[in-house]
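Reading through the structure tokens given below for one structure.
There are 2 protein chains.
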Amino acid sequence: MIVATWNVNSIRARLERVLQWLDRTEPDIVCLQETKVVDADFPADPFRERGYELAVFGQKAYNGVAILSRLPLQDVRRGLDGEQEARFLQARCGDRLVVCSVYVPNGGTVGSEAWDYKLRWFDRLRAYLERAASPETPLLLAGDFNVAPEPRDVAFPEAWADSVLFHEAARAAFRKLIDWGLVDLIRLHHEGPGPFTWWDYRNLAFPRGDGLRIDHLLATPPVAACCTEAGVHREERKGKKPSDHAPVWARLNL
Amino acid sequence: MIVATWNVNSIRARLERVLQWLDRTEPDIVCLQETKVVDADFPADPFRERGYELAVFGQKAYNGVAILSRLPLQDVRRGLDGEQEARFLQARCGDRLVVCSVYVPNGGTVGSEAWDYKLRWFDRLRAYLERAASPETPLLLAGDFNVAPEPRDVAFPEAWADSVLFHEAARAAFRKLIDWGLVDLIRLHHEGPGPFTWWDYRNLAFPRGDGLRIDHLLATPPVAACCTEAGVHREERKGKKPSDHAPVWARLNL
DNA sequence: GCTACACCCG
DNA sequence: CGGGTGTAGC
Numbered sequence: 001m002i003v004a005t006w007n008v009n010s011i012r013a014r015l016e017r018v019l020q021w022l023d024r025t026e027p028d029i030v031c032l033q034e035t036k037v038v039d040a041d042f043p044a045d046p047f048r049e050r051g052y053e054l055a056v057f058g059q060k061a062y063n064g065v066a067i068l069s070r071l072p073l074q075d076v077r078r079g080l081d082g083e084q085e086a087r088f089l090q091a092r093c094g095d096r097l098v099v100c101s102v103y104v105p106n107g108g109t110v111g112s113e114a115w116d117y118k119l120r121w122f123d124r125l126r127a128y129l130e131r132a133a134s135p136e137t138p139l140l141l142a143g144d145f146n147v148a149p150e151p152r153d154v155a156f157p158e159a160w161a162d163s164v165l166f167h168e169a170a171r172a173a174f175r176k177l178i179d180w181g182l183v184d185l186i187r188l189h190h191e192g193p194g195p196f197t198w199w200d201y202r203n204l205a206f207p208r209g210d211g212l213r214i215d216h217l218l219a220t221p222p223v224a225a226c227c228t229e230a231g232v233h234r235e236e237r238k239g240k241k242p243s244d245h246a247p248v249w250a251r252l253n254l
Numbered sequence: 001m002i003v004a005t006w007n008v009n010s011i012r013a014r015l016e017r018v019l020q021w022l023d024r025t026e027p028d029i030v031c032l033q034e035t036k037v038v039d040a041d042f043p044a045d046p047f048r049e050r051g052y053e054l055a056v057f058g059q060k061a062y063n064g065v066a067i068l069s070r071l072p073l074q075d076v077r078r079g080l081d082g083e084q085e086a087r088f089l090q091a092r093c094g095d096r097l098v099v100c101s102v103y104v105p106n107g108g109t110v111g112s113e114a115w116d117y118k119l120r121w122f123d124r125l126r127a128y129l130e131r132a133a134s135p136e137t138p139l140l141l142a143g144d145f146n147v148a149p150e151p152r153d154v155a156f157p158e159a160w161a162d163s164v165l166f167h168e169a170a171r172a173a174f175r176k177l178i179d180w181g182l183v184d185l186i187r188l189h190h191e192g193p194g195p196f197t198w199w200d201y202r203n204l205a206f207p208r209g210d211g212l213r214i215d216h217l218l219a220t221p222p223v224a225a226c227c228t229e230a231g232v233h234r235e236e237r238k239g240k241k242p243s244d245h246a247p248v249w250a251r252l253n254l
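Residue numbers (the UniProt record's numbering), protein chains in the order written: chain A, 1 to 254; chain B, 1 to 254.
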């Protein structure tokens, strides 16, 4: 089976591209972020027509997460410890695999209130895992973590050193999450540098090759053990009306 | 030769549709209205590539008129008696034919200040013709006049009787303009009702057939005498991203 | 740059 | 409804 995550930067603005990618990729499970739509307006029908069950958790203008699954979706949990922002959505796909679609706060600028919120959000996510999950059971955390964990995850690390996406404090928060018991599926199959998953819309970042790897598929060891392949669909950052993020995918021999 | 007028409701939003229509229609002269763009941002290159000379007169958010011509453009005049609003543009196309792209004020609501301005604008246009033109020389006034002159120019005349587009005072102002010495080229070839040129974006006006004929090709007798055919490209109101206006065209055996 | 949003306008 | 404007967020 194929699992994937994609920050689509508005599911309504991106619908045609997402559907075409879906038809080409045929993933079994997809986590979406920044859907930017309230649940009543989520364009569910084209996904249902393609055989997916949906769990959606949206809000008015920002954020918004969703899970598409060809396996039966159950035990849906919306929000991290009952927060109102639509950044966390969990569901069980099929018998055992628990999947979380995650959109970590960007952090604004280093030192801001938003920055504090981002670092705390990592702590709260780790606390949630400690209390509600176990590294021994099949769990997939997929989403936009807004952190490039290591220098090889940044095309020009020096230029990004003080940014919210690569600041040492954000990387430390990400590492603490990993240390709970998660495996970075991309790094099982790619040494790097890259593959990158995000290029700023501004400053010609994509043509200049100024990418970061901030979208991740993180899984517990029983899931990671059966990951045979993983990658990034970089071509989705090209052409007309791309998201600023590319999809990240992994093949699981479950 | 073919002459045409089209209120495009933003040349930037409509560019692809206008170019495709141009390639299919191959008009020699086109008057555009509601280009909604300052001259520096007018997308001139695709028109030049197709063999047109351009005269443009635009402003920031509203209005904006342009003339495209395969014949040499000369003697360009911008604005009606030096007004700032981009509603009038005149040029000579080729040796003798003078062409004006005209965007008459809508008029807001009957009785408003905008309504007064609309009626006066017609007076000023007539005064301009009296002082600067002659019914004996080749002149084409093409544009959105925001007036349906007669009941046969409105699909549901009773419903529109008190509107700014069909109010008796607006029709009288239009008639006075015609009486200077202009011929309505569409009415040379169509008895009506219709053909209509505008359907409100709101209230499902197009599917309900609720159209008005408010865009006109008005010409002096020497031009009208060689008009062999005229019509409205109603299909341009269909499909994706249509303008609310359809192009009006005429064939001149000049 | 490319999303949203609110507002103005026909 | 579908253009324009501006502002905010990333």
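Glycine residues also receive a C-beta, built at the ideal position from the N, C-alpha and C atoms.
**Request:** Decide yes or no for the touch test of the stretch 56 to 70 of chain A against the stretch 167 to 185 of chain A: beta carbon pairs closer than 8 Å, at least 3 of them.
**Result:** no
**Item:** Opening and closing residue of the beta strand (DSSP E) in which residue 11 (chain B) lies
**Value:** Taken as a continuous stretch (DSSP letters only), residue 11 (chain B) belongs to no beta strand (DSSP E), being part of the alpha helix (DSSP H) at 11 to 25.
**Asked** Which one or two residues does DSSP pair with residue 100 (chain B) in a beta bridge?
**Response** B:90 and B:141
**Prompt:** Going along the chain, which residues of its own chain have a beta-carbon closer than 6 Å to the beta-carbon of residue 261 (chain A), five neighbours each way excluded?
**Reply:** For chain A, the structure presents residues 1 to 254; residue 261 (chain A) sits outside this window and is missing.
**Item:** Buried versus exposed, by CB contacts within 10 Å (16 or more), residue 109 (chain A)
**Value:** exposed
**Item:** Secondary structure of residue 248 (chain A), DSSP reduced to three states
**Value:** strand
**Asked** Using the C-alpha atoms, what's the distance from residue 23 (chain A) back to residue 236 (chain A)?
**Response** 13 Å
**Message:** Tell me which residues share the same chain as residue 73 (chain B) and place their Cβ nearer than 8 Å to its Cβ, disregarding the 5 neighbours each side in the sequence.
**Reply:** Here the set comprises 53, 54, 55, 67, 91, 92 and 93.
**Asked** Do residue 35 (chain B) and residue 76 (chain B) have their C-beta atoms within less than 8 Å of each other?
**Response** no
**Message:** Let me check one thing: in DSSP terms, what residues is residue 229 (chain B) bridge-paired to?
**Reply:** B:251
**Prompt:** Are the stretch 102 to 120 of chain B and the stretch 163 to 174 of chain B in contact at 8 Å, needing three or more beta carbon pairs?
**Reply:** yes
**Prompt:** Per DSSP, what kind of secondary structure is residue 191 (chain A) in: helix, strand or coil?
**Reply:** coil
**Item:** For residue 5 (chain B) and residue 20 (chain B), the rounded distance between their alpha carbons
**Value:** 15 Å
**Message:** Let me make sure I understand the geometry here. Which of B:224, B:241, B:244 and B:243 has the alpha-carbon closest to that of residue 1 (chain B)?
**Reply:** B:224
**Request:** Express the C-alpha separation of residue 48 (chain B) and residue 164 (chain A) in angstroms, rounding to a whole number.
**Result:** 47 Å
**Assumed close pair residue 265 (chain A), residue 98 (chain A) - CB separation to whole angstroms, cut-off 8 Å** = This structure leaves residue 265 (chain A) out entirely; chain A is present only between 1 and 254.
**Prompt:** If we ignore side chains and look at the alpha-carbon of each, how far apart do residue 168 (chain A) and residue 38 (chain A) end up?
**Reply:** 34 Å
**Prompt:** Opposite residue 6 (chain A) in the DSSP bridges: which residues?
**Reply:** When beta bridges are read from the DSSP output, residue 6 (chain A) appears opposite A:32.
**Message:** Please report the distance separating the alpha-carbon of residue 87 (chain B) from that of residue 33 (chain B).
**Reply:** Spanning the two alpha carbons is a distance of roughly 8 Å.
**Request:** Would you mind stating whether residue 218 (chain A) and residue 141 (chain A) have Cβ atoms separated by less than 8 Å?
**Result:** yes
**Message:** Pull the bridge partners of residue 77 (chain A) from the DSSP assignment, please.
**Reply:** A:90
**Request:** Could you please give the first and the last residue of the uninterrupted alpha helix (DSSP H) stretch that includes residue 158 (chain B)?
**Result:** 157 to 160
**Message:** In the DSSP output, which residue or residues are listed as bridge partners for residue 57 (chain A)?
**Reply:** A:65
**Request:** Output yes or no for whether 8 Å exceeds the beta carbon distance between residue 151 (chain A) and residue 183 (chain A).
**Result:** Contact flag unset, no.
**Message:** For a minimum of 4 consecutive residues, which ranges assigned as the alpha helix (DSSP H) are wholly contained in the stretch 197 to 242 of chain A?
**Reply:** 221 to 224
**Request:** May I ask you to report which of helix, strand or coil DSSP gives residue 184 (chain A)?
**Result:** strand
**Prompt:** Can you give the Cα-Cα distance for residue 16 (chain A) and residue 244 (chain A), rounded to whole angstroms?
**Reply:** 16 Å
**Request:** Tell me whether residue 58 (chain A) is buried or exposed, calling it buried when 16 or more other Cβ atoms sit within 10 Å of its Cβ.
**Result:** Buried, because 16 or more other Cβ atoms sit within 10 Å of the Cβ of residue 58 (chain A).
**Request:** Throw me the rounded Cβ distance for the residue 80 (chain A) and residue 128 (chain A) pair, which I believe falls under 8 Å.
**Result:** Right, their Cβ atoms sit about 6 Å apart.
**Cross-strand partners of residue 154 (chain B) (DSSP beta bridge)** = The partner list for residue 154 (chain B) (beta bridge, DSSP) reads B:212.
**Asked** Considering residue 124 (chain A), what are the terminal residues of the alpha helix (DSSP H) in which it resides?
**Response** Element bounds for residue 124 (chain A): 113 to 132.
**Prompt:** Got a sec? Which residues, its chain only, sit under 7 Å from residue 214 (chain B) by beta carbon, not counting five neighbours each side?
**Reply:** 144, 145, 146, 147, 148, 165, 197 and 198
**residue 27 (chain A) classed as buried or exposed, judged by whether at least 16 other C-beta atoms fall within 10 angstroms** = buried
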